[in-house]
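So for the sequence shown, numbering that gives the first Met the number 0 puts the first residue at 0; every next one is plus one. Ideal Cβ placement from N, Cα and C applies to all residues, glycine included. None of these values were measured; they are calculated from a predicted model.
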Amino acid sequence: MNIAVHGEDQLSSSPKVRCILVGIGRRALEDYVPALVDLSENIEFVAACDVDPMAQGRLAEELGKRGRACPPFFTDRTAALDASHPDLAVVATPHHTHFEVTKDLVLRGIPVLKEKPFAISLAEAHELAHLIWQRDGHVRICVQRRYHPLYLHAKQALAELGQIRHFDASYQLNADAYQDGWRASPETAGGGAIIDMGYHIVDLLHWFFGVPSVVYATTAPKLIPTAGYTIEETVLANLTYDTGTTGTFRLSLCEAAKEEAIRVYGTKGHITLRRDLFERFDRSNNRVEHLTGDRGWASAADVLVDTVARLQDRAVVAQELAAAVDITATIESLYHSIAQQAPVKPMCQEMCSVCYNARLGWRDSGSRPADGVSLAQATTGLV
């Protein structure tokens with residue numbers, strides 16, 4: 000079955016939302032620009048901002064292919080925000096800029112849909128989550144798997160497996176971008192496979208199984224030993240949960256074939272999940288469910304629609320912040336494990352300076368987070 004999730008009807012009765020796009024890189028041009036064109040009846044693309052003046056030409060070219068004119072373009076974010084008065088900002092800038100850009104937007108009262116990661120350190124995640132909650136801000140993170148029909152179905156199907164015993168997940172691709180530019184350094188990217196593509200896998204595993212109690216991660220040798228990049232390319236990790244569930248995942252930025260899959264094994268059967276396939280088997284290995292779908296992810300348009308439709312939903316922000324801080328804690332613990340070459344408990348269990356309670360919202364428990372240096376930097380020289 001081919002399933003498309005487009006929710007434009009959710010916006011049909013709403014006034015037009017004024018949207019600014021901050022960061023005009025590949026992600027913006029390939030995903031958000033087409034989405035803004037598709038949703039132009041409900042979302043007005045009022046301005047674009049990038050520190051690189053050459054980005055204006057790339058944006059104009061992409062919009063021209065779709066018969067649209069380029070909106071006002073700015074290289075200065077303050078000028079862009081002052082001139083455009085947006086109702087929503089989409090942030091697709093390099094990782095190390097997310098914190099300041101998002102903080103600025105929240106302080107201005109502008110809702111944000113941002114690219115992953117939520118933050119490049121747990122300290123940043125705590126500070127940003129506090130600020131968003133205290134200022135009644137609205138920030139969402141683009142994690143497309145939670146919108147994909149087969150992944151939604153798999154989430155529900157976990158209950159059919161009985162007690163979850165173990166899982167195996169893998170995500171690999173061939174990405175040249177990490178070998179130079181801002182993605183090549185942990186200081187600007189926050190890390191490599193774990194915090195970049197791995198953010199999606201950690202998010203998925205948290206969504207399916209919760210926060211692990213112990214993680215243990217190792218790295219494989221670099222594809223090009225003499226290359227100058229210092230981020231991790233290939234990572235293997237073992238995860239243990241308080242429920243008794245165990246799992247493994249493998250991430251790689253440098254494999255020839257693009258592949259993503261997860262297999263989950265329970266006391267009553269197992270499932271296989273890819274972006275284009277869901278299969279469930281009973282304990283006798285009889286296939287009891289078989290679903291197929293589009294190989295593509297839910298589009299940026301789907302995420303934009305959901306964001307705009309729920310701009311006044313305080314509960315969704317609380318859920319998003321809780322998930323984002325937990326994901327950042329697990330990611331940082333994976334980097335700790337690589338640096339220490341030992342199992343590590345996720346930091347959210349060791350220093351919960353921010354926690355979420357369904358009735359109380361975010362609160363400070365009194366403890367203080369560590370410094371804001373990305374722990375991915377600790378792996379420099381090990382990968």
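Range of the contiguous beta strand (DSSP E) that encloses residue i
i            : result
leucine 87   : 87-90
arginine 139 : 138-140
valine 111   : 111-113
Minimum C-alpha distance to residue i - residue among the options
i                : options                        : result
proline 345      : His205, Leu252, Thr229         : His205
serine 83        : Val111, Glu43, Val234          : Glu43
glycine 189      : Asp175, Ile330, Gln171         : Ile330
leucine 252      : Leu310, Thr229, Tyr170, Ser283 : Tyr170
glycine 191      : Met53, Asp241, Lys221, Asp51   : Lys221
serine 283       : Tyr264, Arg274, Ala300         : Tyr264
proline 52       : Val343, Gly24, Val287, Glu40   : Gly24
histidine 95     : Ala174, Ala47, Ala124, Val316  : Ala124
serine 184       : Pro33, Gln340, Pro71, Ile119   : Ile119
threonine 208    : Thr225, Thr187, Gly243, Ala236 : It should be noted that the sequence gives phenylalanine, not threonine, for residue 208. Measuring from the Cα of phenylalanine 208, the nearest candidate turns out to be Gly243.
isoleucine 326   : Gly246, Thr101, Gln340, Pro211 : Pro211
proline 116      : Pro110, Ala91, Trp132, Ile109  : Ala91
alanine 68       : Thr74, Asp75, Arg57            : Arg57
alanine 255      : Arg164, Asp81, Asp175, Leu303  : Asp175
phenylalanine 72 : Ala88, Ala54, Arg65            : Ala54
arginine 286     : Gly22, Ser336, Leu250, Leu160  : Leu160
proline 33       : Asp75, Ala300, Ile337          : Ala300
valine 315       : Cys48, Trp132, Leu333          : Trp132
isoleucine 140   : Gly63, Arg309, Val302, Gln340  : Val302
glutamate 40     : Pro14, His165, Asp49, Cys48    : Pro14
arginine 164     : His97, Asp241, Ala236, Leu172  : Asp241
Coarse secondary structure for residue i, derived from DSSP in three states
i                 : result
serine 169        : strand
tyrosine 215      : strand
glutamate 349     : Note on glutamate 349: pLDDT 42, under 50, position unreliable in the model; the coordinate value appears next. It is helical.
tyrosine 264      : strand
valine 372        : The pLDDT assigned to valine 372 is 41, lower than 50, so where the model puts this residue is not dependable, and the model offers no usable value.
glutamate 278     : strand
leucine 20        : strand
valine 324        : helix
histidine 269     : strand
threonine 239     : strand
valine 105        : helix
phenylalanine 73  : strand
isoleucine 337    : helix
glutamate 258     : strand
isoleucine 131    : helix
asparagine 356    : Because the pLDDT at asparagine 356 is just 39, under 50, the model does not fix this residue reliably, and the point stays unresolved.
alanine 317       : helix
leucine 81        : A small correction: the amino acid at residue 81 is aspartate; leucine does not occupy that position in the sequence shown. In this structure, aspartate 81 counts as helix in the three-state DSSP scheme.
threonine 229     : coil
phenylalanine 311 : Looking at the sequence itself, residue 311 is glutamine, so the reference to phenylalanine does not match. Looking at glutamine 311 - three-state DSSP - the assignment turns out to be coil, as it is neither helix nor strand.
glycine 180       : helix
alanine 192       : coil
phenylalanine 117 : coil
alanine 122       : helix
alanine 68        : coil
aspartate 51      : coil
Those residues which DSSP pairs with residue i across a bridge
i                 : result
cysteine 253      : Asn173
lysine 221        : Partner(s): none; lysine 221 has no beta bridge.
phenylalanine 248 : Ala168, Ala236
valine 343        : Val214
glutamate 331     : According to DSSP, glutamate 331 bridges with nothing at all.
isoleucine 163    : Gly265
Residue i: first and last residue of the uninterrupted alpha helix (DSSP H) it sits in
i             : result
lysine 154    : 148-156
histidine 409 : Outside the shown range of the chain (0 to 382) lies residue 409, about which nothing can therefore be said.
valine 32     : 32-37
isoleucine 42 : Premise fails: isoleucine 42 lies in the beta strand (DSSP E), 42-48, not in any alpha helix (DSSP H).
leucine 203   : 196-208
leucine 58    : 54-63
serine 300    : At residue 300 the sequence reads alanine, which differs from the serine that was named. Counting along the chain, the alpha helix (DSSP H) containing alanine 300 begins and ends at 299-308.
proline 185   : 185-188
Within-8 Å CB hit, residue i to chain C
i            : result
cysteine 141 : Going by chain labels, chain C is absent from the structure shown, which holds only one protein chain.
Three or more C-beta pairs under 8 Å: does that hold for the segment 252-263 against the segment 192-204? Segments in contact, yes.
Taking three-plus beta-carbon pairs below 8 Å as touching, is the segment 148-168 in contact with the segment 123-131? No: the two stretches stay apart, fewer than three of their Cβ pairs being nearer than 8 Å.
Does the segment 266-274 touch the segment 222-230, meaning 3 or more C-beta pairs lie closer than 8 Å? The segment 222-230 is not in contact with the segment 266-274.
Using 8 Å as the Cβ pair cut-off and three pairs as the minimum, do the segment 136-146 and the segment 90-110 touch? A contact exists between the segment 136-146 and the segment 90-110.
Please determine if the segment 153-169 and the segment 273-290 are in contact, where contact requires at least 3 C-beta pairs separated by less than 8 Å. With the cut-off at 8 Å, the segment 153-169 and the segment 273-290 touch.
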